[in-house]
Amino acid sequence: MMFTDRVARGIAAGEITHVFRRWAVPRVRVGSTLHTTAGIVEIECVNRVDIREISDEDVRAAGEQNLATLSATLRGAERDPVFRIGVRYIGPDERIELSDRAELSKQEIGEIEASLARLDRASRRGPW
Numbered sequence: 011m012m013f014t015d016r017v018a019r020g021i022a023a024g025e026i027t028h029v030f031r032r033w034a035v036p037r038v039r040v041g042s043t044l045h046t047t048a049g050i051v052e053i054e055c056v057n058r059v060d061i062r063e064i065s066d067e068d069v070r071a072a073g074e075q076n077l078a079t080l081s082a083t084l085r086g087a088e089r090d091p092v093f094r095i096g097v098r099y100i101g102p103d104e105r106i107e108l109s110d111r112a113e114l115s116k117q118e119i120g121e122i123e124a125s126l127a128r129l130d131r132a133s134r135r136g137p138w
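Numbers given in the numbering used here equal positions in the sequence shown, counted from 1, plus 10.
As structure tokens, this is what we get:
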């Protein structure tokens with residue numbers, strides 16, 4: 011599942027607490043995490059809902075102005091059910107900080123070399 015930058019920032023700011031998706035079957039699981047442009051988001055709940063029962067409060071908590079606008083964002087076949095997905099911001103993506111770090115310690119280099127050697131030994135085609 012992907013979020014627009016606007017929605018990801020809204021989740022990170024605590025302004026968006028759930029999103030809606032139209033899927034034949036749920037595509038995320040409770041407890042899973044997603045990497046977004048604003049950081050890491052956790053899936054707190056996934057519930058099937060009747061679109062006619064989505065309240066104005068639900069619409070606002072999803073970062074939309076009204077039900078018509080929310081409905082327009084839903085992709086998928088009309089016959090597919092709609093799911094309310096509870097989301098929570100966990101924190102920044104640790105990979106950003108790691109990507110800025112160019113120097114590796116001797117221990118980290120040794121761990122990488124050991125992993126590559128293990129892959130080479132297990133390969134049916136021989137080493138890299």
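Idealized CB from N, CA, C, for every residue including glycine.
Cβ pair residue i, residue j closer than 8 Å
| i | j | result |
| --- | --- | --- |
| residue 10 | residue 28 | Because the chain in this structure spans residues 11 to 138, residue 10 falls outside the shown range and cannot be described. |
| residue 41 | residue 99 | no |
| residue 95 | residue 53 | yes |
| residue 92 | residue 26 | no |
Limits of the unbroken alpha helix (DSSP H) element including residue i
| i | result |
| --- | --- |
| residue 63 | Residue 63 -> no alpha helix (DSSP H), and no H or E assigned at all. |
| residue 79 | 77 to 83 |
| residue 129 | 116 to 132 |
Exposed unless 16 or more other CB atoms sit within 10 angstroms - verdict on residue i
| i | result |
| --- | --- |
| residue 31 | buried |
Proximal residues to residue i (C-beta, below 6 Å), its chain only, five neighbours per side dropped
| i | result |
| --- | --- |
| residue 74 | 80 |
Cutoff 7 Å; reference residue i; Cβ partners in own chain excluding five residues on either side
| i | result |
| --- | --- |
| residue 101 | 49 and 50 |
Strand pairing of residue i, partner residues [DSSP]
| i | result |
| --- | --- |
| residue 56 | 95 |
| residue 49 | 46 |
Spatial neighbours of residue i in its chain, beta-carbon cut-off 8 Å, leaving aside the 5 residues before and after
| i | result |
| --- | --- |
| residue 47 | 13, 15, 18 and 19 |
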